[in-house]
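This report refers to the structure that appears directly beneath it.
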Amino acid sequence: MGKLRHPPHGDLREGALLHVEGLALRGGETCHLGSPHSWILASPLSLQCRMECKDVSAETLYDVLHDLEYRKKWDANVIETFDIGKLTVNADVGYYSWKCPKPLKNRDVITLRSWLPMGNDFIIMNYSVKHPVSTGVLSGQGKTGHIIIRGGAKNCTLTYLAQVDPKGSLPKWVVNKSSQFLAPKAMKKMYKACVKYPDWKQKHSPHFKPWLYPEQNTLASVALSELAIQHADSLENIDESSLSETKDDRGEGSDEDSVN
10 MGKLRHPPHG DLREGALLHV EGLALRGGET CHLGSPHSWI LASPLSLQCR MECKDVSAET
70 LYDVLHDLEY RKKWDANVIE TFDIGKLTVN ADVGYYSWKC PKPLKNRDVI TLRSWLPMGN
130 DFIIMNYSVK HPVSTGVLSG QGKTGHIIIR GGAKNCTLTY LAQVDPKGSL PKWVVNKSSQ
190 FLAPKAMKKM YKACVKYPDW KQKHSPHFKP WLYPEQNTLA SVALSELAIQ HADSLENIDE
250 SSLSETKDDR GEGSDEDSVN
């Protein structure tokens, strides 16, 4: 069982910035979007995206990434998500399960999330961990990061990085579809959600933002001793490599969201 420690602020900042600087040095498959602008570098276990968000402030994007109630409104891939407990004023443990392209099994993960404002910019990092919460879905393993760089009062850039082991042998079409279609579409949906967030938040507990105001956080405390690093080799491994893409999942589908 791996020993877990909460990363110091310096580790969060240095690690995130090194990842951002390293993006330009890596090769791979590239996909460009019209609006918002983004590109994808993909390999079977890693995903790197960058999106320029016009008419969206860094603060709004930061809030959207934190707000679980709002995520349930705009993220159609969510099956269930909730907070489990808090570690510190800027770290918590949460559960997230999501839909996979049919006919694959859905996945879920329990994550230790740390966040840090850096002057005008923001970092959110997630690490998969073991916790006594029962999931009942095929668990994945990995780490992700969001780095928000302010460009001005009403624009910013989001860099998203992920190293994920979804567990199991996946067919090639899943890897291709994730990098060429699903990831860009998810970024575009997030951008649309950011544009609508200020109006939505005004109608839904506008002053409740525990990620900014720790005194609002009523979660029970979780001790680090209750958690352990989630190693990929300790998870169920299934072979889905022979599965074919279903007809319902071949089309792009609607980009419309249900935020209201």
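Counting the sequence shown from 1 gives a position; our numbering is that position plus 9. The C-beta atom is built at its ideal place from N, Cα and C for all residues, glycine as well.
CB contact flag (residue i, residue j, <7 Å)
i	j	result
Tyr79	Phe91	no
Gln172	Lys152	yes
Cys203	Val118	no
Glu61	Thr227	no
Ala192	Cys109	no
Ser123	Ala100	yes
Lys81	Asn164	no
Whole-Å CB distance - residue i paired with residue j, under 8 Å assumed
i	j	result
Ile88	Asn115	6 Å
Val268	Lys205	5 Å
Ile121	Leu236	One detail in the question is off: residue 121 reads as Leu in this sequence, not Ile. About 6 Å separates the two Cβ atoms, so the contact holds.
Lys95	Ser230	6 Å
Pro223	Val98	4 Å
Pro207	Thr69	6 Å
Trp107	Lys198	Not quite, the Cβ-Cβ distance comes to about 13 Å (not below 8 Å), so this is no contact.
Residue i, enclosing alpha helix (DSSP H) - first and last residue
i	result
Trp83	Leu77 to Trp83
Pro193	Ala192 to Gln211
Residue interval of the beta strand (DSSP E) (run including residue i)
i	result
Asp64	No beta strand (DSSP E) holds Asp64; DSSP gives it neither H nor E.
Ser230	Unbroken run through Ser230: none, as it is neither H nor E.
Trp124	Arg116 to Met127
Residues bridged to residue i (per DSSP)
i	result
His91	Note on residue identity: the sequence assigns Phe, not His, to residue 91. Tyr104, per the DSSP bridge assignment.
Gly154	Met134 and Leu170
Lys109	The question names Lys, yet the displayed sequence has Cys at residue 109. Cys109 pairs with nothing; no bridge assigned.
Gly161	Asn164
Thr97	Ala100
Ser214	Paired residue(s): none; Ser214 is not in a bridge.
Residue i CB to nearest heavy atom of the ligand HEM below 6 Å
i	result
His155	In terms of ligand content, the structure shown is empty, and the ligand HEM therefore cannot be addressed.
- Taking three-plus beta-carbon pairs below 8 Å as touching, is the stretch 125 to 133 in contact with the stretch 155 to 165? yes
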